[in-house]
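In the numbering used here, the protein residues as written are 1 to 366.
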């Protein structure tokens with residue numbers, strides 16, 4: 001930029017909230033630079049892909065359009081469709097590995113839908129609408145300084161010099177941002193306390209996706225849903241594509257991070273044996289099994305998340321949503337949202353609110 005700034009707005013974090021903010025600011029005529037510590041975009045949205053084909057989700061899966069109007073708006077805006085979560089037939093209840101399982105109808109979750117192509121489709125749609133120069137991977141923000149009428153941002157990328165912008169949006173989980181970024185002297189203590197107290201949704205969880213040639217459980221009249229007290233999965237669900245062209249299940253691990261680490265070498269076998277116990281011997285004919293342990297991801301899970309009990313974030317104190325450093329610093333992560341904190345809708349909400357706040361601030365006379 002001719003005035004000596006690298007861009008109008010630097011955004012730390014290229015998850016859905018950061019991408020949403022970048023897209024909206026670009027529409028408003030602002031120049032942005034997305035700095036992402038990891039090697040990909042999407043944050044907690046991650047997918048199983050083979051030969052460029054989407055197979056399953058390793059992060060969030062569901063949206064609830066009847067109860068999440070913002071999700072509905074963004075799906076339409078980005079030309080992304082949804083379909084119903086398959087729930088036809090009884091579920092399997094597993095009380096112990098050595099006991100027979102029980103089949104029982106369980107109440108469904110009204111309004112629960114899956115995104116065609118997975119939530120990755122939302123991420124891809126946002127990325128397509130951004131200029132290629134607006135994103136730098138492998139560039140985690142490590143320091144933010146107040147420059148008076150601007151901010152100075154430094155990263156862990158040795159090839160990136162200090163960057164100057166009029167504003168910075170921090171689109172990272174609050175605990176992670178507090179731990180990884182060196183903040184200006186005198187940084188608001190109330191804000192720091194709120195950030196430290198906010199759990200990162202799903203940060204210590206792990207999810208597995210299991211792919212088969214066919215959804216054999218459907219032929220048995222089963223929904224593919226499993227509820228287990230035995231583990232390693234505490235629940236599983238049908239995860240086939242819209243047309244059921246292949247079989248897929250996904251499951252959440254009930255084992256905590258330390259137990260998953262202790263059994264890392266035989267975790268895959270334990271999952272398959274559990275599925276055989278619940279669904280029969282056909283469950284052994286696995287085409288692909290992939291697990292994402294978010295507790296091992298340093299770009300998602302903070303030290304504080306590993307040392308405290310997991311919990312769903314509540315709506316954070318308003319201090320997190322207020323601009324700081326005379327308006328030059330704004331926060332935007334799913335946990336900071338006023339709607340559905342921690343969820344996909346929360347990320348869209350936080351990114352949208354941050355973009356609107358910064359747009360207003362940029363329009364102030366200078």
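Heads up, the beta-carbon is just placed ideally off N, CA and C, and yes, glycines get one too.
- In the DSSP assignment, residue 209 falls within the beta strand (DSSP E) that extends over 206-212.
- In the three-state reduction of the DSSP assignment, residue 268 falls in the helix class, which pools H, G and I.
- Around the beta-carbon of residue 49, fewer than 16 other beta-carbon atoms lie within 10 Å, marking it exposed.
- Membership of residue 360 in the alpha helix (DSSP H) is indicated by the continuous run 344-362.
- Between residue 206 and residue 293, the C-beta spacing is below 7 Å.
- By the Cβ criterion, the region 258-270 is not in contact with the region 12-24, since fewer than three pairs of Cβ atoms, one from each stretch, lie closer than 8 Å.
- Taken atom to atom, the span from the alpha-carbon of residue 69 to that of residue 63 is near 10 Å.
- Contact between residue 141 and residue 181 holds, since their C-beta atoms are separated by about 6 Å, short of 8 Å.
- Per DSSP, the unbroken beta strand (DSSP E) holding residue 289 starts and ends at 288-293.
- Sequence-distant partners of residue 187 (beyond 5 residues in either direction) whose C-beta falls short of 7 Å from its own C-beta are missing from its chain.
- For a cut-off of 8 Å, the C-beta gap from residue 313 to residue 204 is around 13 Å, too long to register as a contact.
- In the same chain as residue 125, and ignoring 5 residues on each side of it, the C-beta atoms closer than 8 Å to its own belong to 78, 79, 80, in chain order.
- Residue environment for residue 23: buried (at least 16 other C-beta atoms within 10 angstroms of its C-beta).
- In this structure, residue 82 and residue 116 form a Cβ contact; the two beta carbons are roughly 6 Å apart against a cut-off of 8 Å.
- When beta bridges are read from the DSSP output, residue 324 appears opposite 329.
- The shortest CA-to-CA distance from residue 101 to any of 280, 341, 218 is the one to 280.
- Following the DSSP letters along the chain, one finds residue 5 in no alpha helix (DSSP H), marked with neither H nor E.
- Proximity to residue 19 across 131, 253, 230 peaks at 131, based on C-alpha coordinates.
- DSSP, read as helix, strand or coil, puts residue 116 in coil.
- DSSP places residue 247 inside the beta strand (DSSP E), whose first and last residues are 247-253.
- DSSP places residue 34 inside the beta strand (DSSP E), whose first and last residues are 32-35.
- Residue range 189-196 is occupied by the alpha helix (DSSP H) that includes residue 193.
- When only Cα atoms are considered, residue 33 and residue 139 end up about 11 Å apart.
- DSSP places residue 21 in the uninterrupted alpha helix (DSSP H) bounded by 16-27.
- For residue 307, the enclosing alpha helix (DSSP H) stretches over residues 303-307.
- Residue state for residue 259 is assigned as helix, using DSSP reduced to three classes.
- The bridge partners DSSP lists for residue 62 are 114.
- A buried status is given to residue 340, since no fewer than 16 other beta-carbon atoms sit within 10 Å of its beta-carbon.
- Residue 72: member of the alpha helix (DSSP H) spanning 69-77, first to last residue.
- Using a Cβ-Cβ distance cut-off of 8 Å, the region 206-215 and the region 241-252 are in contact, since at least three pairs of beta carbons, one from each stretch, lie closer than that value.
- DSSP places residue 240 in the coil class of the three-state scheme, outside both helix and strand.
- Of all alpha-carbon atoms in 35, 21, 88, 36, the one lying nearest the alpha-carbon of residue 222 is that of 88.
- A straight line joining the alpha-carbon of residue 40 with that of residue 202 spans about 19 Å.
- Counting the other Cβ atoms within 10 Å of the Cβ of residue 27 gives fewer than 16, which makes it exposed.
- DSSP places residue 334 within a helical segment (H, G or I) once states are collapsed to three.
- Burial state of residue 99 is exposed, judged by a 10 Å Cβ sphere holding fewer than 16 other Cβ atoms.
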